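Student: Residue numbers (the numbering used here): 402 to 776. Backbone N, C-alpha and C define an ideal beta-carbon position, used for all residues, glycine too. In this text the structure is predicted, and so the values were computed from the model without any measurement.
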Ligand code: ATP
């Protein structure tokens, strides 16, 4: 097992696409690490550059103490599981699992023993003689994992490991993968564009955009204190509410209402500054009766999501553009089952203490507070 250290890592493809832009990142020994971001942000390129399937055009990659930047994939001691699993269709499960050992010139009986042992660990013992075409998607995924595990690599690299599975199977495979990684303790990097998967599985997440890393943190950190409005909009099953606001007399003017400055922004902003007020739909309390100092708006949509509902409100656009009014906009709030309003109702919405954040020029105002994150 080993840490992975990337310094100034850059990949410019022929034709000029800068898929990785001077990226610095350290993944700790034994960590389960997610690369998350929208399509085209460079996740797969980063994974393939760690694997050695792409050659960096600048910077370095080290695995443990070894600089592997120019090493062939086979000499890096990594195992990659591809999105489509890339199993050999004409080989049995046993031979698929044993294949990398054959390449490494491990003897026939040792190979068979290792393949059986790994298959047993992954609940595949009964399937050893089958071909991949005779397996379910989840079983194929396990065979691909078993093949990667059989060589005891220092690093696992998983490219969208759950994307080929249906929704129910994905949840099952997610739990299985997390347990397996914990048990093996192998440094594991996985690519996903699904923020809920990254939040559920990873010890830490790097959120990428345009070949750069916008934030690295634990799931709790990136969820509760997104470092910028990009991460705020990307993380969470519903994006964070981001409302234009103005600082007036040490308070915030948002949609015609004066709100207290979020704690983390105290002393960090000056009167007259334009900022963005951010609060997650989960961290707002909805009231059907007027509440002092709350934002109020008209309910436009109610989406029932089982144990709770997502309510969308239109905030009023103030009449004038005088100081303290601030622009209007839309707001989403999570409301418990049974307390939903109806479209057309007027509602009052207030953030829970310590949950609102302030962004200036797209970046979080105020140093991240570990206490607030842990709260
Ligand atoms: P997705 O989630 O869609 O797989 P990604 O975040 O994994 O996206 P990459 O596949 O790493 O993104 O691609 C990053 C950028 O590099 C994209 O603009 C892509 O078009 C470009 N790119 C990827 N592979 C190549 C290639 N072989 N040649 C040229 N450009 C490439």
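With burial defined as no fewer than 16 other Cβ atoms inside 10 Å of the residue's Cβ, what is the status of residue 438: buried or exposed?
Tutor: Locating residue 438 in the chain shown gives position 37, where the first residue counts as 1. It is buried - the Cβ of residue 438 has at least 16 other Cβ atoms within 10 Å.
Student: Compute the minimum distance between the beta carbon of residue 445 and the heavy atoms of the ligand ATP, and state whether it is under 7 Å.
Tutor: Looking up residue 445 in the chain shown gives position 44. Indeed, a heavy atom of the ligand ATP lies less than 7 Å from the Cβ.
Student: For my contact list, residue 477 and residue 453 are in at a C-beta cut-off of 8 Å; report their separation, rounded to the angstrom.
Tutor: For the purposes of this step, residue 477 is taken as residue 76 along the chain shown, with counting starting at 1. For the purposes of this step, residue 453 is taken as residue 52 along the chain shown, with counting starting at 1. Confirmed, Cβ separation roughly 5 Å.
Student: Within the continuous beta strand (DSSP E) that includes residue 412, where are the two ends?
Tutor: Counting from 1 along the chain shown, the entry for residue 412 is found at position 11. Element bounds for residue 412: 405–413.
Student: Is residue 504 buried or exposed, if buried means 16 or more other CB atoms sit within 10 Å of its CB?
Tutor: Translated into positions along the chain shown, residue 504 becomes position 103. When all chains shown are included, residue 504 counts as exposed.
Student: Kindly list the residues whose CB is nearer than 8 Å to the CB of residue 596, restricted to its own chain and excluding five residues on each side of it in sequence; keep chain order.
Tutor: Your numbering for residue 596 matches position 195 in the chain shown. 437, 635, 636, 637 and 638, listed in sequence order.
Student: Which residues mark the beginning and the end of the alpha helix (DSSP H) in which residue 634 is found?
Tutor: As a working note, residue 634 is residue 233 in the chain shown. Looking at the DSSP string, the run of the alpha helix (DSSP H) that includes residue 634 is 630–635.
Student: Distance check for residue 710 and residue 739, CA to CA, integer angstroms please.
Tutor: Reading the chain shown from its first residue, position 338 is the one you call residue 739. Reading the chain shown from its first residue, position 309 is the one you call residue 710. Residue 739 and residue 710: Cα-Cα distance of roughly 9 Å.
Student: Do residue 656 and residue 685 have their C-beta atoms within less than 8 Å of each other?
Tutor: The residue given as residue 656 occupies position 255 in the chain shown. The residue given as residue 685 occupies position 284 in the chain shown. Not a contact, by the Cβ cut-off of 8 Å.
Student: Helix, strand or coil: which one does DSSP assign to residue 478?
Tutor: Here the question's residue 478 lines up with position 77 in the chain shown. Reduced to three states, the DSSP call for residue 478 is coil.
Student: Checking 8 Å against the spacing of the C-beta atoms, do residue 714 and residue 736 come in under that value?
Tutor: By one-based count along the chain shown, residue 714 stands at place 313. By one-based count along the chain shown, residue 736 stands at place 335. No, the Cβ-Cβ distance between residue 714 and residue 736 is not below 8 Å.
Student: Going straight from the alpha carbon of residue 508 to that of residue 501, what length do you get?
Tutor: Taking the first residue of the chain shown as position 1, residue 508 is located at position 107. Taking the first residue of the chain shown as position 1, residue 501 is located at position 100. Approximately 12 Å, taken between the alpha carbons.
Student: What does the Cβ neighbour count give for residue 615, buried or exposed, with the cut at 16 atoms within 10 Å?
Tutor: Along the chain shown, read from residue 1 onward, the residue named residue 615 stands at position 214. Label assigned to residue 615: buried.
Student: Grab the span of the beta strand (DSSP E) containing residue 670 for me, first residue to last.
Tutor: Reading the chain shown from its first residue, position 269 is the one you call residue 670. No beta strand (DSSP E) holds residue 670; DSSP gives it neither H nor E.
Student: Can you find the residues in the same chain that come closer than 6 Å, C-beta to C-beta, to residue 633, ignoring five residues on each side of it along the sequence?
Tutor: Along the chain shown, read from residue 1 onward, the residue named residue 633 stands at position 232. 627, 641 and 679, listed in sequence order.
Student: Under 8 Å between the Cβ atoms of residue 758 and residue 665?
Tutor: Counting from one through the chain shown, the residue named residue 758 turns up at place 357. Counting from one through the chain shown, the residue named residue 665 turns up at place 264. Result yes, Cβ atoms of residue 758 and residue 665 sit closer than 8 Å.
Student: Assign residue 520 to buried or exposed, taking buried as 16 or more other Cβ atoms, counted over all protein chains shown, within 10 Å of its Cβ.
Tutor: The sequence position of residue 520 within the chain shown is 119, counting from 1. It is buried - the Cβ of residue 520 has at least 16 other Cβ atoms within 10 Å.
Student: Between the Cα of residue 440 and those of 691, 593, 510 and 668, spot the shortest distance and give me the residue it belongs to.
Tutor: Position 39 of the chain shown holds residue 440. When only C-alpha atoms are compared, the closest one is 593.
Student: Would you mind sorting residue 560 into buried or exposed? The rule is 16 or more other CB atoms within 10 Å of its CB.
Tutor: Within the chain shown, residue 560 is the residue found at index 159, counting from 1. When all chains shown are included, residue 560 counts as buried.
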